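Enquirer: Just so you know, the sequences run in chain order A and B.
Going by this note's numbering, the first sequence opens with residue 461, and the numbers climb by one from there.
Going by this note's numbering, the second sequence opens with residue 461, and the numbers climb by one from there.
Ideal Cβ placement from N, Cα and C applies to all residues, glycine included.
Fair warning: this is a prediction, and the values are worked out from it, not measured in the lab.
Mind looking over this structure? Questions follow.
There are 2 protein chains.
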Amino acid sequence: MTLIPSPDRPQQADRPQPLGPGTAVAAFDVGGTDMKAALFDSSGRMLGLRRTPTPHRGAETAEAVLERVEELLAEFAHTFPHVRPAGIGLIAPGVVDDDQGIVRESVNLDWNDVPFRRLLEDRLHLPASFSHDVRAAGEAEFQLGAARGFGTVVVIIVGTGIAASLVVNGRAHVAGGYAGELGHSIVDPRGARCACGARGCLETVGSAGAISRRYAEATGQEPVGAREVLALASTGDPAARRIWNEAIDALALGIAQVTAILAPEAVVIGGGLAEAGDALFVPLRERVDALLSFHRRPLVLPALIGENAGLIGAALRARAAADRSGQAS
Amino acid sequence: MTLIPSPDRPQQADRPQPLGPGTAVAAFDVGGTDMKAALFDSSGRMLGLRRTPTPHRGAETAEAVLERVEELLAEFAHTFPHVRPAGIGLIAPGVVDDDQGIVRESVNLDWNDVPFRRLLEDRLHLPASFSHDVRAAGEAEFQLGAARGFGTVVVIIVGTGIAASLVVNGRAHVAGGYAGELGHSIVDPRGARCACGARGCLETVGSAGAISRRYAEATGQEPVGAREVLALASTGDPAARRIWNEAIDALALGIAQVTAILAPEAVVIGGGLAEAGDALFVPLRERVDALLSFHRRPLVLPALIGENAGLIGAALRARAAADRSGQAS
Numbered sequence: 461m462t463l464i465p466s467p468d469r470p471q472q473a474d475r476p477q478p479l480g481p482g483t484a485v486a487a488f489d490v491g492g493t494d495m496k497a498a499l500f501d502s503s504g505r506m507l508g509l510r511r512t513p514t515p516h517r518g519a520e521t522a523e524a525v526l527e528r529v530e531e532l533l534a535e536f537a538h539t540f541p542h543v544r545p546a547g548i549g550l551i552a553p554g555v556v557d558d559d560q561g562i563v564r565e566s567v568n569l570d571w572n573d574v575p576f577r578r579l580l581e582d583r584l585h586l587p588a589s590f591s592h593d594v595r596a597a598g599e600a601e602f603q604l605g606a607a608r609g610f611g612t613v614v615v616i617i618v619g620t621g622i623a624a625s626l627v628v629n630g631r632a633h634v635a636g637g638y639a640g641e642l643g644h645s646i647v648d649p650r651g652a653r654c655a656c657g658a659r660g661c662l663e664t665v666g667s668a669g670a671i672s673r674r675y676a677e678a679t680g681q682e683p684v685g686a687r688e689v690l691a692l693a694s695t696g697d698p699a700a701r702r703i704w705n706e707a708i709d710a711l712a713l714g715i716a717q718v719t720a721i722l723a724p725e726a727v728v729i730g731g732g733l734a735e736a737g738d739a740l741f742v743p744l745r746e747r748v749d750a751l752l753s754f755h756r757r758p759l760v761l762p763a764l765i766g767e768n769a770g771l772i773g774a775a776l777r778a779r780a781a782a783d784r785s786g787q788a789s
Numbered sequence: 461m462t463l464i465p466s467p468d469r470p471q472q473a474d475r476p477q478p479l480g481p482g483t484a485v486a487a488f489d490v491g492g493t494d495m496k497a498a499l500f501d502s503s504g505r506m507l508g509l510r511r512t513p514t515p516h517r518g519a520e521t522a523e524a525v526l527e528r529v530e531e532l533l534a535e536f537a538h539t540f541p542h543v544r545p546a547g548i549g550l551i552a553p554g555v556v557d558d559d560q561g562i563v564r565e566s567v568n569l570d571w572n573d574v575p576f577r578r579l580l581e582d583r584l585h586l587p588a589s590f591s592h593d594v595r596a597a598g599e600a601e602f603q604l605g606a607a608r609g610f611g612t613v614v615v616i617i618v619g620t621g622i623a624a625s626l627v628v629n630g631r632a633h634v635a636g637g638y639a640g641e642l643g644h645s646i647v648d649p650r651g652a653r654c655a656c657g658a659r660g661c662l663e664t665v666g667s668a669g670a671i672s673r674r675y676a677e678a679t680g681q682e683p684v685g686a687r688e689v690l691a692l693a694s695t696g697d698p699a700a701r702r703i704w705n706e707a708i709d710a711l712a713l714g715i716a717q718v719t720a721i722l723a724p725e726a727v728v729i730g731g732g733l734a735e736a737g738d739a740l741f742v743p744l745r746e747r748v749d750a751l752l753s754f755h756r757r758p759l760v761l762p763a764l765i766g767e768n769a770g771l772i773g774a775a776l777r778a779r780a781a782a783d784r785s786g787q788a789s
């Protein structure tokens, strides 16, 4: 098996990590294109972080991913023989029921009703957790990052798409895997058709993917990244400016809606778009404020954990699974 | 003190009530115009239901309401000497922190940061609860009505305004009194200015009050009730038809948004507009369904408890307060 380090993202094995001491575990973040894997030792250090293509075998993709996980664990055992993971955490996108450890549907992975947690445990003979990728990232922010200390908080990951992780009164709200689909909450019922089939979802305007796609459509040029659209907007490019502003308007509207409904103390924003920093957060806070009236304003905060938040959240849940299992035995 | 029975609403003291056996309590539903009061005996029967004008004395309105509560209790003691309430439940509109028993703001009642639960307990020497009117109605539906048996459920009261009561994983979500403001969630950022100061709130289009007001504005006629607008719509009146349809569209959009975010198993609709029955629920369910894609469809159900749901919820909470106090002593 060839392990391909991501060319555009630095390996972060040596960067200090916020996980803290605890049970050693292995964590896997399975995406549609590639999967990340890392080992976490008992001091909480992340070891051997690597990115490898997600194996796709149609209806057998779950089996192929399990095989790959086994291979990666074998490789970790060889490279880090002193670190013996006592739990496995695996995360994936889609409709994932964290409580049951089942993926209801994950279009990019050809998964339907796969009891992934049980499959992991049966195969690896280790306690495992299986969770939604964005809820795992939210858990990392809630336990270790910008969402820490709040009772009710929404962590929104804005990248190619948009999804949110909800903590309500201190507890993750899962709703069978269907909660937190803020990216597929409608901001304009007369808006563009979304990949999900609905019309005018927040994701069709407010995501980094939408900014890139809409700019290419508006100009007829080759797609550039959302960050480049922002750079063009700051030089006065009218299409870039309009598309960036519309994205912020849509995000502000989505945040205002979730504020009216849930009244979170804070909204934490992570994912690629959050890397825009003040260019995003300053106008976003202003527009959220302008949309609200008597509502309690949430703090609108950048995520702190960074691009490996999902993996770190998976490690937290793997630890919890290992610790529960240790207590039970 | 004169007690004025509501002319247009039958007194329901003899109607069987769903409360069930428990501690005898008194409940008060304080609105901007009038307040309802009733005694609940240990079999759960509602006794002496009456409606009386809310006393308004500017900044002293809280004191005036407390006096009126005391008078009503004295009258109940006289009329029903065998029923001795062991707890008091009072509910009001506004930003009410049920957990703390404090009203943060209630514009119609000139209340700001009034610790109403403590004031009630100090004055009446009885355990008391003080809650938001719509959350109390939601609790009645959750414990006894259409919302029973669901883990995550939204009860929306659609009347003059719109507010919702949220139960998330079996627990009422209060958020300091700011949760559940679905009526002040924006469905159209370019829409009409709402009384709350924001623009395009669901309440400006989807409430019974909005239907009535918008029909009067569209036709230049004297305002008629939402039910009459519905009757006109069914005879083909174009303005009535448009306004009724726009109300259902807005309600469907609000429900779709709360579905994307919270994924409730059910949405229960009560209040005056719900009395339209199938004329509301049939098209509403169709439009909610059309707006959603992969989302889990919530059941959209009519409320069951009826117009006294708030008062019954207040009684449930009064019982809980009395029972807690009994256990503590």
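#1: Does A723/B get closer than 8 Å to chain A when you measure Cβ to Cβ?
#2: Note down, in chain order, every chain A residue with its Cβ under 7 Å from the Cβ of A763/B.
#3: Could you name the residues of the same chain whose beta carbon sits closer than 8 Å to that of S466/A, not counting the 5 residues immediately before and after it, in chain order?
#4: Apply the 10 Å Cβ neighbour rule to R475/B and answer buried if 16 or more other Cβ atoms are within range, or exposed otherwise.
#5: Measuring straight from C-alpha to C-alpha, what distance separates V689/B and A734/A?
#6: State the DSSP-derived secondary structure class of P545/A, mapped to helix, strand or coil.
#7: Do you know how far the Cα of G491/A is from the Cα of A624/A?
#8: Run down chain A in chain order and give the residues with a C-beta less than 8 Å from the C-beta of P649/B.
#9: Measure from the alpha carbon of T662/A to the alpha carbon of each residue in A607/A, A596/A, A726/A and V647/A, then state which is nearest.
#10: For I548/A versus G731/A, is the C-beta spacing smaller than 8 Å?
#11: Just checking: is the beta-carbon of Q787/B within a distance shorter than 8 Å of some beta-carbon in chain A?
#12: Pick out whichever of A635/B, V627/B and A519/B has its Cα sitting closest to the Cα of V556/B.
#13: Any Cβ of chain B within less than 8 Å of the Cβ of Q560/A?
#14: Write down every uninterrupted run of the beta strand (DSSP E) in the segment 486-528 of chain B whose length is 3 residues or greater and which is fully enclosed by it, in chain order.
#15: Thinking just about the alpha-carbon of each residue, which of P545/B, Q787/B and G773/B is nearest to the one in I551/B?
#16: Can you give the Cα-Cα distance for R528/A and M506/A, rounded to whole angstroms?
#17: Tell me which residues share the same chain as G660/B and place their Cβ nearer than 8 Å to its Cβ, disregarding the 5 neighbours each side in the sequence.
#18: What does the alpha-carbon distance come out to for the pair I765/B and A600/A?
#19: Can you give me the C-alpha to C-alpha distance between A497/A and D582/A, rounded to a whole angstrom?
#20: With H, G and I counted as helix, E and B as strand and the rest as coil, what does DSSP make of V634/B?
#21: Given a cut-off of 8 Å, decide if V628/B and E725/B are closer than it, judged by their beta-carbon atoms.
#22: Could you pull the start and end residues of the alpha helix (DSSP H) that F741/A belongs to?
#23: Between G598/B and chain A, is the shortest Cβ-Cβ distance under 8 Å, so that the two count as touching?
#24: Are there 16 or more other CB atoms within 10 angstroms of the CB of R784/A, so buried, or fewer, so exposed?
#25: Give, in chain order, every residue of the segment 624-644 of chain B whose Cβ lies closer than 9 Å to some Cβ of chain A.
#26: Would you mind working out which of I721/A, E535/A, T620/A and D593/A sits nearest G643/B, comparing C-alpha positions?
#27: Where does F610/B sit, in a helix, a strand or coil, going by DSSP?
#28: For S753/B and L569/A, what's the separation of their Cα atoms in angstroms?
#29: Spatial neighbours of L759/A within its chain, please: CB distance less than 6 Å, with the 5 preceding and 5 following residues excluded, ordered by chain position.
#30: Give, in chain order, every residue of the segment 599-618 of chain B whose Cβ lies closer than 7 Å to some Cβ of chain A.
#31: Closer than 8 Å, CB to CB, is F488/A near chain B or not?
#32: With a Cβ-Cβ cutoff of 8 Å, do R578/B and G561/B count as a contact?
#33: Is I729/B close to chain A? Criterion is C-beta to C-beta, closer than 8 Å.
#34: For R674/B and I703/B, I'd like the C-alpha separation in whole angstroms.
#35: Who are the Cβ neighbours of D489/B in its own chain at under 7 Å, not counting the five residues just before and after it?
#36: Only counting the same chain, and skipping five residues up and downstream in sequence, which positions put a Cβ closer than 7 Å to that of R756/A?
Expert: Here's the rundown:
#1: Yes - at least one Cβ of chain A is within 8 Å of the one on A723/B.
#2: Simply none; closest approach about 19 Å.
#3: Model confidence at S466/A stands at a pLDDT of 39, short of 50, so the residue's coordinates are unreliable; what they give is reported in the following sentence. Excluding residues within five positions, the ones whose Cβ falls inside 8 Å are D494 and R511.
#4: Below a pLDDT of 50, predicted positions are generally treated as unreliable, and R475/B, at 45, falls in that range; the measurement from the model is reported next regardless. Exposed is the call here.
#5: 47 Å
#6: coil
#7: 17 Å
#8: D709, L713 and L751
#9: The identity of residue 662/A in the sequence shown is Leu, whereas the question assumes Thr. Per the Cα distances, V647/A.
#10: no
#11: no
#12: A635/B
#13: no
#14: 494-500 and 506-513
#15: Looking from the CA of I551/B, the closest CA among P545/B, Q787/B and G773/B belongs to G773/B.
#16: 19 Å
#17: I646, V647, D648, P649, R650, G651, A652 and C654
#18: 42 Å
#19: 20 Å
#20: DSSP places V634/B in coil when its eight states are reduced to three.
#21: no
#22: D738 to L751
#23: no
#24: exposed
#25: Against chain A - using a Cβ distance shorter than 9 Å - the residues of the segment 624-644 of chain B are A624, L626, V628, N629, R631, H633, V634, A635, G636, G637, Y638, A639, G640, E641, L642, G643 and H644.
#26: When only C-alpha atoms are compared, the closest one is I721/A.
#27: coil
#28: Those two C-alpha atoms are separated by around 19 Å.
#29: A726
#30: Cβ contacts with chain A come from T612.
#31: Judged by the 8 Å Cβ criterion, F488/A is not in contact with chain B.
#32: G561/B sits close to R578/B, with the two beta carbons spaced by under 8 Å.
#33: no
#34: About 7 Å.
#35: Cβ neighbours of D489/B beyond the five flanking positions: M495, K496, I551, D593, G770, L771 and A774.
#36: A723
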